[in-house]
Amino acid sequence: MKKSFILTLLTIITLGLFRPVTALAEEQKLPSGTDLSQIGQKIQDFVKEHEKTTAGMATTVFDKDGTIYKGNFGYMNKEKKVKTDDSSVFEWGSVTKLTVWVSVMQLWEEGKIDLDEDIRTYLPEGFMKTLRYDKPVTMTDLMNHQAGFGESTHAYKEDKGLSIEEILAVNQPEQSYEPGTMTAYSNFSASLAAYIVERISGQDFSAYVHEHIFQPLGMKDTALSADFKENPKIYQKRMEQISYRADGQTSMGTSYFHLGLYPAGNAVSTLADFQKFAQALLKKEKLFQHAETWTTLYTATSNYPGTDMPLNMHGFWTREYGTTLVGHGGNSTGYSSYILLDLKNGIGMTVMTNQDHELVYNYEMPALVFGPKKKTDSATFDKFQSGNYRSARYFASGPMSISRSLFLYTRFVKKSEDNPLLSQDFSVVSGSGDKAKVTASYGGYFRVKDSEILVDWAMLISAAVGIVFGIILFLVRGGLDLFRLVFKKVQPKTPKKLRIWTYLTSLAAVGVALNFYGLVAAFLASNRSYPYSIWPYIVFAVLGLILAGCAIYPFLSKARKGLGKGRLLLTIMTSLSALAIVVNILYWSLYQWWAM
Numbered sequence: 041m042k043k044s045f046i047l048t049l050l051t052i053i054t055l056g057l058f059r060p061v062t063a064l065a066e067e068q069k070l071p072s073g074t075d076l077s078q079i080g081q082k083i084q085d086f087v088k089e090h091e092k093t094t095a096g097m098a099t100t101v102f103d104k105d106g107t108i109y110k111g112n113f114g115y116m117n118k119e120k121k122v123k124t125d126d127s128s129v130f131e132w133g134s135v136t137k138l139t140v141w142v143s144v145m146q147l148w149e150e151g152k153i154d155l156d157e158d159i160r161t162y163l164p165e166g167f168m169k170t171l172r173y174d175k176p177v178t179m180t181d182l183m184n185h186q187a188g189f190g191e192s193t194h195a196y197k198e199d200k201g202l203s204i205e206e207i208l209a210v211n212q213p214e215q216s217y218e219p220g221t222m223t224a225y226s227n228f229s230a231s232l233a234a235y236i237v238e239r240i241s242g243q244d245f246s247a248y249v250h251e252h253i254f255q256p257l258g259m260k261d262t263a264l265s266a267d268f269k270e271n272p273k274i275y276q277k278r279m280e281q282i283s284y285r286a287d288g289q290t291s292m293g294t295s296y297f298h299l300g301l302y303p304a305g306n307a308v309s310t311l312a313d314f315q316k317f318a319q320a321l322l323k324k325e326k327l328f329q330h331a332e333t334w335t336t337l338y339t340a341t342s343n344y345p346g347t348d349m350p351l352n353m354h355g356f357w358t359r360e361y362g363t364t365l366v367g368h369g370g371n372s373t374g375y376s377s378y379i380l381l382d383l384k385n386g387i388g389m390t391v392m393t394n395q396d397h398e399l400v401y402n403y404e405m406p407a408l409v410f411g412p413k414k415k416t417d418s419a420t421f422d423k424f425q426s427g428n429y430r431s432a433r434y435f436a437s438g439p440m441s442i443s444r445s446l447f448l449y450t451r452f453v454k455k456s457e458d459n460p461l462l463s464q465d466f467s468v469v470s471g472s473g474d475k476a477k478v479t480a481s482y483g484g485y486f487r488v489k490d491s492e493i494l495v496d497w498a499m500l501i502s503a504a505v506g507i508v509f510g511i512i513l514f515l516v517r518g519g520l521d522l523f524r525l526v527f528k529k530v531q532p533k534t535p536k537k538l539r540i541w542t543y544l545t546s547l548a549a550v551g552v553a554l555n556f557y558g559l560v561a562a563f564l565a566s567n568r569s570y571p572y573s574i575w576p577y578i579v580f581a582v583l584g585l586i587l588a589g590c591a592i593y594p595f596l597s598k599a600r601k602g603l604g605k606g607r608l609l610l611t612i613m614t615s616l617s618a619l620a621i622v623v624n625i626l627y628w629s630l631y632q633w634w635a636m
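Positions 41 to 636 (our numbering) are the ones given, in order, by the sequence shown.
Right under this line is the structure:
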C-alpha cells in the first residue's frame, strides 16, 4: 500500500515536472519555427549577407514582458566611422501615425468621440471644402484611409511655424472616391484625425501625445513636434547623424526636413523608446484604461474585398507573413522604420534604419521571426486582367497632377507570373473591366480607361514636341544670327519684330523645359522643399502668359504680311508650338501656384 502510494506520488510529480517543460519548449520557438536562442545569430548572418548595402540598422525582437533579441549594426556616419549604438536616433516616418490612432482610441474610450460620426461634427463649420459625396466621412474612414482623398502636397510641406489647423485649412486634396470604396493611403487623413484630437482634447497634438503616451511609457528619448526642439538632446543627436540612400553607400547628408504636418510622420527616437511604444501595443493595460479598448483596437475595420481577411484595424495595417501581423511602416527623407506585432503569439519586432526607402531589413528580415511572406494565390493571378493601372494614392488635381500618367503612379501591367502588382505583396483582385481593382496593404491600384491614358500622353507628347521645336528654333536662329554678325553677312529679310518674337517664343519654351527639368531633378534627389514650393509654378504661370501672347501675336500683327511661304509656315509652326505648351500648362494646372 505504502509502495503503491509512493509510486503514485512519483508519477504525479514526474508529470508535473515534465509537462511544463514540454510546454516551455514549445513556447521557445518563434512563429517562423526558429528557436528564441537562435534568432540573434540568424539576424547577424542576415546582416552580414547584406552588409554591402547597409548603412546603419537597429532591431529588436520582443514579447510583452521583455526583449528576446536586440542588435545594432553599421554606422550612423560611415565617413567618420560613427557606429550605430544605443544612443543613435532614428526617424519613425509614418509609424508616427500610430500615435494618432492610439490617441483617437483613448478619446473613444472616454466617450468623447464616435468613430462612426460625421467628422464635420468635430470640426469648425465649413472647414472641409472639397467634399464631393453625400456619404459622410467618419473617423473610421480616416483610420482605414478610405475617406476618398487623393494624394496631397501637405505631407511634403516644410514647417513654417503654422499650426496643424492652419496647414489643413488651405489647399485640401480633392475627394476622388466615395468614402469606404477605395483604400488610398492619405497623410492628409491622418493629420486631419490629429487635428480632431486637438479639438476634442483642447491640447496641442504633440503635448497630448507626450502626456498620454510617451510619458506614461517612460519615453524620454523621443521627439515629435515639427522641429524636434521639445527634446533638445534628441534634436542635437539627430543633427549629428548622416543618412544614406537604399544602396547604403550614397550619403544624403543630415537630410533634415521640418515636416509641417508632423503627426503624419515626424517622430524621432532611440531604438529603446521605439521598443517601449511597440511593446506597450502588445499589452492591454499600458495605453488604455480598459482591456476592452485594446481588444476593440485590434478588430478589423476594413477587409480585403470579397474576403474576411482584415486589411486594417483602426489605423493599424495588417501584413501577411507566416502569420497575420499588425503594425505600420514608415519612410522619411533618409530613414525607414517598422513596427510589426504578432497578436496571436504575443511577439513583436522593430526595425530602424538610416536609409531612404530601405526594403531589405524592413520587409525581408521579418521573415526570420514570423515566417515567409504570404504570396498572392494562383486564382488571383488568373483573375487579373491586363491593362493600365493607377495607384489609388495619386495627385488628382493641382500642379502635381502631371505625375499621374507617369510610371510612378500609372503603368501598363500584363497578365503574367511576375505581375508587379501581385508578386511583391499579398494582394486581392476585385471587380472587372474598367472597374477592376488590386488591393494590398497600404492601398492598391485601379484600372484606368485606355482613352484617359491616350489623352494624357497626347498632351505630354504635344508639349514635348513644342519644347523641342522651341529649343531647335532658338539654336538655329541664334546660330544664324551669330554667324551673320561675326562674318558681317546680309541681315535676314524677316521683320525685326518677328525676329524678336521668335527669340521670345523659343526662350520661353526653353524656360519651360529648364523649369520642368529642375522639378524632376529635385524629385530624383529627394529634395522635398523645391518641388512643393510655389516658385516653380509661378514661373510656369509667367512663361505660360508669355507663350500665350506669343501664340496669337503673328495673327494680330501686320509684320507677317509679305512673308514668303517658307517663313509663313515657320511662323505658324512656332505659334502652334507655343500653343501646345500653353495648353499643357493649363491642362496639368501647372500655373496654380496657390494650390501648392
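Note that the Cβ used here is the ideal one computed from N, Cα and C, for glycine as well.
If you're wondering where the values come from, they're calculated on a predicted model, not measured in any experiment.
{"query": "TYR173 versus ASP158, TYR217, PHE167, LEU182, residue with shortest Cα-Cα distance", "result": "TYR217"}
{"query": "Burial state of LYS121, where buried means 16 or more other Cβ atoms lie within 10 Å", "result": "exposed"}
{"query": "Same chain, Cβ closer than 8 Å to TYR275, five either side skipped, listed in chain order", "result": "ALA263, ASP267, PHE268, LYS269"}
{"query": "Residue burial classification, TRP141 (beta-carbon count within 10 angstroms, cutoff 16)", "result": "buried"}
{"query": "Cutoff 7 Å; reference GLU325; Cβ partners in own chain excluding five residues on either side", "result": "ALA331"}
{"query": "Residues near HIS368 by beta carbon distance below 7 Å, same chain, minus five either side", "result": "SER134, VAL135, LYS137, LEU138, PHE356, TRP357, ILE379"}
{"query": "Residues bridged to TYR275 (per DSSP)", "result": "None; TYR275 has no bridge partner."}
{"query": "At least 3 beta-carbon pairs within less than 8 Å: the region 407-417 vs the region 426-442", "result": "no"}
{"query": "Residue interval of the alpha helix (DSSP H) (run including SER372)", "result": "Where SER372 is concerned, there is no enclosing alpha helix (DSSP H), although the beta strand (DSSP E) it sits in stretches over 364-372."}
{"query": "Inter-stretch contact at 8 Å, needing at least 3 Cβ pairs: the region 227-234 / the region 294-306", "result": "yes"}
{"query": "For ALA480, three-class secondary structure by DSSP", "result": "strand"}
{"query": "Closest Cα partner of LEU703 within the set SER502, ILE621, LYS316, LEU609", "result": "With the chain running from 41 to 636 in the structure shown, residue 703 is simply not present."}
{"query": "According to DSSP, residues forming a beta bridge with TRP357", "result": "ASN352, GLY367"}
{"query": "Short Cβ contact (7 Å threshold) for ILE4 with TYR235", "result": "Because the chain in this structure spans residues 41 to 636, residue 4 falls outside the shown range and cannot be described."}
{"query": "DSSP bridge partner residues for SER107 (one or two, in chain order)", "result": "For clarity, residue 107 is Thr in the given sequence; the question names Ser instead. For THR107, which the question treats as bridged, DSSP gives the partners PHE102."}
{"query": "Other residues of its chain near TRP334: CB distance less than 7 Å, five sequence neighbours each side excluded", "result": "LYS324, PHE328"}
{"query": "Alpha carbon of ILE282 to alpha carbon of THR99, nearest angstrom", "result": "18 Å"}
{"query": "Through-space distance from ILE240 to TYR162, alpha-carbon basis", "result": "7 Å"}
{"query": "Outcome for ILE592 when other beta-carbon atoms lying within 10 angstroms are tallied against a minimum of 16", "result": "exposed"}
{"query": "Distance between ASP521 and ILE540 (C-alpha atoms, nearest Å)", "result": "12 Å"}
{"query": "Under the three-state DSSP convention, the category SER72 falls into", "result": "coil"}
{"query": "Selected residue, minimal CA-CA separation from TYR344, among TYR115, GLN84, SER481", "result": "SER481"}
{"query": "One or two residues paired with ILE123 in a DSSP bridge", "result": "Note that residue 123 is Lys in the sequence shown here, rather than Ile. According to DSSP, which records beta bridges pairwise, LYS123 is partnered with TYR115."}
{"query": "Member of MET183, ARG285, ASP261 whose CA lies at the smallest distance from the CA of LEU399", "result": "ARG285"}
{"query": "Residue from LEU513, ILE586, GLY558 with nearest C-alpha to LEU610", "result": "LEU513"}
{"query": "Buried versus exposed, by CB contacts within 10 Å (16 or more), LEU182", "result": "buried"}
{"query": "Integer Cβ distance of GLY589 from ILE625, believed to fall under 8 Å", "result": "The Cβ separation is near 13 Å, so there is no contact."}
{"query": "From PRO272, GLN255, SER246, residue whose alpha carbon lies closest to that of SER265", "result": "SER246"}
{"query": "Exposed unless 16 or more other CB atoms sit within 10 angstroms - verdict on THR393", "result": "buried"}
{"query": "Counted within 10 angstroms of its Cβ, other Cβ atoms place ASP313 as buried (16 or more) or exposed", "result": "buried"}
{"query": "Check whether THR341 and THR479 have beta carbons under 7 Å apart", "result": "no"}
{"query": "Per-residue burial, VAL130 [other beta carbons within 10 Å of its own, 16 or more giving buried]", "result": "Residue identity differs from the one stated: residue 130 is Phe in this sequence, not Val. It counts as buried."}
{"query": "Cβ pair GLY510, SER617 closer than 7 Å", "result": "yes"}
{"query": "Beta-carbon proximity check, GLY220 vs THR93, cutoff 7 Å", "result": "no"}
{"query": "GLU131 - DSSP class collapsed to helix/strand/coil", "result": "strand"}
{"query": "Euclidean distance between Cα positions of ARG352 and LEU171", "result": "Checking the displayed sequence, the identity of residue 352 turns out to be Asn instead of Arg. Their Cα atoms are separated by approximately 23 Å."}
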